[in-house]
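Peer 1: All residue numbers for the sequence shown refer to UniProt numbering, where the first residue is 1 and numbers rise by one.
Here a beta-carbon is modelled for each residue, glycine too, at the ideal position from N, C-alpha and C.
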Amino acid sequence: MRGATRITSRHVIEHTEPNVQLVGILEQWDWSGNAQSSHGSKVALILHGTLGHKNYLYQKQLASRLPMDSFRFDFRGNHESTGEWSIGKIENDLVDLDIVAEFLRSRYGYIVALVIAHSRASISALRWINFSPTGRKVEWLVNISGRYRIEKIRELYTNTERGGMLEKQGHYDLKANVAGRDLTLLAKREDIEGILQLDQSFVWDTFPSHTHVLTIHGLKDTLVPPYDAIIYARALSNRAPGTHTLQLIEEADHNFRGFQNEIIETILEWLASAQRGRIKNGIWRAGVSGKL
1 MRGATRITSR HVIEHTEPNV QLVGILEQWD WSGNAQSSHG SKVALILHGT LGHKNYLYQK
61 QLASRLPMDS FRFDFRGNHE STGEWSIGKI ENDLVDLDIV AEFLRSRYGY IVALVIAHSR
121 ASISALRWIN FSPTGRKVEW LVNISGRYRI EKIRELYTNT ERGGMLEKQG HYDLKANVAG
181 RDLTLLAKRE DIEGILQLDQ SFVWDTFPSH THVLTIHGLK DTLVPPYDAI IYARALSNRA
241 PGTHTLQLIE EADHNFRGFQ NEIIETILEW LASAQRGRIK NGIWRAGVSG KL
């Protein structure tokens, strides 16, 4: 940002649960050339999805361009954070978010005002904002590739080798490359069954009325159906003063390969409009003629 110096620092946060440490990166803007107190300042949380990490996809570049301080971290068991990795324990994510928010409050005086979440983290972020007293103070949420119909996860395992292994032995080995490292992770049936019990319908009735939401989804997403974005738009548009804005990207897949810059620009423009009180329910850039 023009006229400001960016200060980047790495933090290891002690957890309330044994053998768990959360590792994250704090990006701060210093406007004076001297360290300033951040007490009462707003901070953004940037959250990764399954098999992601704190510098995954657009996260690192977005942090360098946000007009506020930000913190991005690895959920427990992911990349640099210790603890047991789980394919489906969303409740662990909510605890991690509370731990991180409290660290930022107690160490720096920050208030979490913005959450930007991708995929699984969108489920976690929506639930954290709805059910956590700290989360309910969030002013802005960016929901990227977020799943509403969680029961459709079951279809990913129907008539597949992984599904057969889950039925036969209760788990399967999930091989992935995360941050340049080849990993073999244990995906457990009980964890998958646990996430299948979750219900996102609370967004229709109890989601904070003041929180503005931007939902972004790629129309070529083969992992989370794009129609889930429509459901979120229907559910979250019926609130005041909070609003819901929908952005659909025609050629984008689940991870928005080739569309990273568009994601960042959309978030920055939407946030600027929201901060000025100029955001309203509807399609992003409604009335603006684009490529047809």
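I'd like to know whether the C-beta atoms of H212 and I279 end up nearer to each other than 8 Å.
Peer 2: yes
Peer 1: Looking only at DSSP bridge pairs, what is T245 linked to?
Peer 2: L214 and G282
Peer 1: At which residues does the beta strand (DSSP E) containing Q61 begin and terminate?
Peer 2: Counting along the chain, Q61 falls outside any beta strand (DSSP E), though it belongs to the alpha helix (DSSP H) covering Q59 to R65.
Peer 1: Pull up the distance between the alpha-carbon of A35 and that of Y232, whole angstroms please.
Peer 2: Caution applies to A35, whose pLDDT of 49 falls short of 50 and renders its modelled position unreliable; the value that the coordinates give is listed next. So the alpha carbons of these two residues sit roughly 40 Å apart.
Peer 1: Three Cβ pairs or more, each shorter than 8 Å: is that satisfied between the segment 210 to 225 and the segment 233 to 247?
Peer 2: yes
Peer 1: Would F75 pass as a contact of G24 if the rule is Cβ separation under 8 Å?
Peer 2: no
Peer 1: Would DSSP call K137 helix, strand or coil?
Peer 2: helix
Peer 1: Who pairs with R10 in a beta bridge, going by DSSP?
Peer 2: I25
Peer 1: If you count every other CB in all the chains shown that lies within 10 Å of the CB of I283, and 16 or more means buried, which is it?
Peer 2: exposed
Peer 1: Restricting to Cα atoms, I'd like to know which of G49, I192, R162 and N261 is closest to I116.
Peer 2: G49
Peer 1: Sort S201, H11, E251 and L214 by Cα distance to E151 and report the nearest one.
Peer 2: Measuring from the Cα of E151, the nearest candidate turns out to be S201.
Peer 1: Considering R72, what are the terminal residues of the alpha helix (DSSP H) in which it resides?
Peer 2: Where R72 is concerned, there is no enclosing alpha helix (DSSP H), although the beta strand (DSSP E) it sits in stretches over D69 to F73.
Peer 1: Jot down the residue ranges of each uninterrupted alpha helix (DSSP H) in the segment 151 to 178, minimum 4 residues, whole runs only, in chain order.
Peer 2: 161 to 169
Peer 1: Can you check whether the CB of N281 is closer than 8 Å to the CB of H244?
Peer 2: yes
Peer 1: State buried or exposed for I192, treating a residue as buried only when at least 16 other CB atoms are found within 10 Å of its CB.
Peer 2: buried
Peer 1: List the whole-angstrom C-beta distance separating I264 from L114, where the pair is believed to meet the contact cut-off of C-beta under 8 Å.
Peer 2: Separation of the CB atoms of I264 and L114 is rounded to 14 Å, and the pair is thereby denied contact status at 8 Å.
Peer 1: With DSSP collapsed to three states, give me the class of L219.
Peer 2: coil
Peer 1: Near S41, which residues of its chain fall below 8 Å by C-beta distance, leaving aside the five closest residues on each side in sequence?
Peer 2: M68, D69, Y108, G109, Y110 and I111
Peer 1: According to DSSP, is I87 part of a helix, a strand, or is it coil?
Peer 2: Three-state DSSP puts I87 in coil, outside helix and strand.
Peer 1: What is the DSSP secondary structure of N78, reduced to helix, strand or coil?
Peer 2: coil
Peer 1: Are D228 and G146 close, meaning C-beta to C-beta below 8 Å?
Peer 2: yes
Peer 1: Given this structure, state the Cα-to-Cα distance separating R120 from R276, to the nearest angstrom.
Peer 2: Those two C-alpha atoms are separated by around 30 Å.
Peer 1: How far does the beta strand (DSSP E) with L186 in it reach, from first residue to last?
Peer 2: R181 to K188
Peer 1: Can you pull the DSSP bridge partners for T5?
Peer 2: D30
Peer 1: Which value, in whole angstroms, describes the spacing of the CA atoms of S124 and Q21?
Peer 2: Straight-line Cα distance between these residues: approximately 19 Å.
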